[in-house]
Amino acid sequence: MSRLSRFCGALTLAALLLFHGGQMNAQDSTAAQGGGGPAAATPAAAAGGGGDVAKGKELFENNCKTCHNVTAEALVGPGLAGVRQRTPGDAWLQKWIKNSSALIATGDAYAVKIFNQFNKTQMTSFTNLSDGDIKSILDYIDSESAPKAAAVPGTPAPAGGGNVATTAASSGPSELFTFVLVALLVVMLLVLGVLLVIVTILSKAVAPQTGDALVGTQTTPLVQRIRNGLVGTVNNSTVRTVAIWLFLFVATKMSIDGLYSIGIQQGYAPKQPIAYSHKLHAGQYKIDCNYCHTGVNKGKSAHIPSANICMNCHGVIKKESPEIQKIYAAIEQNKPIEWIRVHNLPDLAYFNHSQHVNVGNVQCQTCHGEIQKMEVVEQRSSLTMGWCIDCHRKTEVNTKDNAYYDKLVALHRKETKEPLKVANIGGLECSKCHY
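So for the sequence shown, UniProt numbering puts the first residue at 1; every next one is plus one.
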C-alpha cells in the first residue's frame with residue numbers, strides 16, 4: 001500500500017497549500033476593499049454637487065415619490081423631467097410646492113391649468129420645506145433628467161473613480177470561490193485515490209499468482225483473486241483510518257450545519273390572506289415604503305398597514321377585484337386582515353427600525369432584499385447574529401449634518417484615517433441588542 005500512502009500525503013499537502021493560498025487571496029481582497037472605500041466615496045460626493053443633489057434625492061423620496069416620477073412619465077401627478085423649463089421659474093415652483101391651493105386661489109394661469117389638467121386633484125402643501133430644500137429637490141430632478149454620458153470603449157476610467165476601486169477589490173478570488181475550488185480539488189483527489197485502489201486491486205487480481213505460475217498448477221479464479229484483494233484492502237489499517245476520519249469529518253460537518261440552521265427561516269415565503277404584490281406597488285408604481293409602513297421612521301416596528309391606508313387608493317381603484325373585495329369584507333365585518341409575519345426575530349434580540357432607517361439611512365433592501373421585485377414577500381437574509389455583526393463591522397456611520405457625532409468623529413480621526421464604522425461606536429457590544 002505504498003502508493004496509497006504516497007497519495008494520501010500528496011492529498012494533504014495539496015489541501016494545505018490551497019488553503020494557505022486562499023487565505024492570502026482573501027486577505028488581499030479585503031485589503032483592496034478597505035483601501036478602495038474612501039477613494040470610491042470621493043466621486044459620489046462630487047457627483048452630489050456639494051451635497052445638494054444627495055439631500056434633494058432624500059427629500060424627494062420622502063415627500064414626492066408617491067405621486068411623481070423624476071422622468072416625464074406621469075404617476076398621480078405629472079412627471080417632473082424638465083419641470084424648471086416648462087414652468088414660470090424657481091420662484092413660482094417655491095410657491096406651488098409650499099402651498100398650491102393658495103397659488104390657485106390667486107388665479108395664476110399656469111397653476112389653474114395644471115390643477116384642471118389633473119382632474120382638480122389637490123396637491124399636498126409642504127410648508128415644512130425651506131427654499132434651500134426645494135432647490136435641492138429641483139437639482140436632483142435635473143440631475144436625473146440630464147442625459148448620462150456614455151463611456152467610450154477603450155477609454156481608461158478617471159483616476160480615483162469608484163468603479164476602479166470596486167474592480168480592483170473584486171479582481172482577486174473571493175473566499176467562497178477559493179473554498180469551492182479547494183472542495184472540488186479534494187473531491188477530485190479522493191475520486192482519483194479510489195480509482196487508484198481499484199486499479200491496484202484489479203491488477204493484482206488479474207495477474208496470476210507467482211507460486212501458481214512457477215509450479216504450473218491451475219491459477220486461482222479471477223473472482224477469488226478480486227475477493228482476496230478487497231479483503232486485503234478492507235483489512236489494511238491505512239485504508240480503514242482514512243475511511244474512519246472521512247466519515248467523522250462528514251458527520252461532524254453535517255451536525256454543525258444542522259445546529260446552525262435551527263431557527264433560521266431564510267427563504268420563508270408564506271401565502272398571505274390577500275395577494276398583495278410589492279412588485280406592482282413598490283416596483284411598478286414606486287409607492288414609497290413609508291406610505292404604508294408608517295412606523296418605520298418613528299419606532300421599533302415598521303407597522304403593518306391598516307385597511308384604511310389601502311382604501312386611500314382602492315376606494316376608487318379596482319374596487320371590483322376579488323382581492324380588493326377581501327379588504328371591503330374585513331372593514332364591513334370589523335375584523336383585522338390576518339397577515340402572516342415573514343421576518344421574525346427572537347424575543348432575546350432588540351431591533352429598532354427608526355435607528356436604522358431614520359438615523360442610519362439604511363435602505364429597506366439592505367435587510368429585506370429587492371422587495372420592489374417580489375410578488376410574494378420572502379425572507380432573503382438569514383437575520384442571524386453573525387449577519388448583523390458583519391453589517392455593523394462594514395457599515396459606515398452616517399455622520400453628515402449630525403452634530404451628535406462631531407466629537408466622536410474628531411476622536412476617531414486622531415487614531416485612524418479609516419471611516420467611522422458602527423462597530424467603532426459600540427455596535428458590537430452585547431447590550432446593544434440583548435438587554
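Quick reminder that beta carbons are idealized off the backbone N, C-alpha and C, glycines included.
- For D390, the closest of N398, W92 and N424 by C-alpha to C-alpha distance is N424.
- Of all alpha-carbon atoms in C289, E429 and A146, the one lying nearest the alpha-carbon of H368 is that of C289.
- In the DSSP secondary-structure assignment, K421 is bridged to E396.
- By the criterion of a C-beta distance shorter than 6 Å, V362 is surrounded in its chain by H356, once the five residues flanking it on both sides are discounted.
- Put simply, of N69, G132 and G295 the residue whose alpha carbon is nearest the alpha carbon of N358 is G295.
- Note on geometry: alpha-carbon atoms of V194 and T178 lie some 24 Å from one another.
- Per the Cβ contact rule, the region 386-402 is not in contact with the region 280-288 (fewer than 3 Cβ pairs under 8 Å).
- Counting C-beta pairs with one atom in each stretch, the region 94-103 and the region 123-138 have three or more that are closer than 8 Å, which means they touch.
- The residue among Q117, Y328 and A54 with its C-alpha nearest the C-alpha of P78 is Q117.
- Secondary structure at T178: helix, using DSSP grouped into helix, strand and coil.
- Here the C-alpha atom of L408 lies approximately 11 Å from the C-alpha atom of E415.
- Annotation note: the region 300-331 contains no uninterrupted beta strand (DSSP E) run of length 3 or greater.
- DSSP, reduced to helix, strand and coil, places A81 outside both helices and strands of the structure shown, so it counts as coil.
- H278 sits buried, since 16 or more C-beta atoms from the chains shown fall within 10 Å of its C-beta.
- Where G56 is concerned, the enclosing alpha helix (DSSP H) starts and stops at D52 to N63.
- Setting aside the 5 residues that flank it on each side, V70 is surrounded in the same chain by L80, I141 and E144, each with a C-beta closer than 6 Å to its C-beta; the list follows chain order.
- M254: member of the alpha helix (DSSP H) spanning S237 to Y260, first to last residue.
- Here K298 really is in contact with S354; their C-beta atoms are around 6 Å apart, less than 8 Å.
- Between C67 and L59 a beta carbon distance of about 14 Å is seen, past the 8 Å cut, so the two are scored as non-contacting.
- Annotated three-state conformation of F351 is coil, per DSSP.
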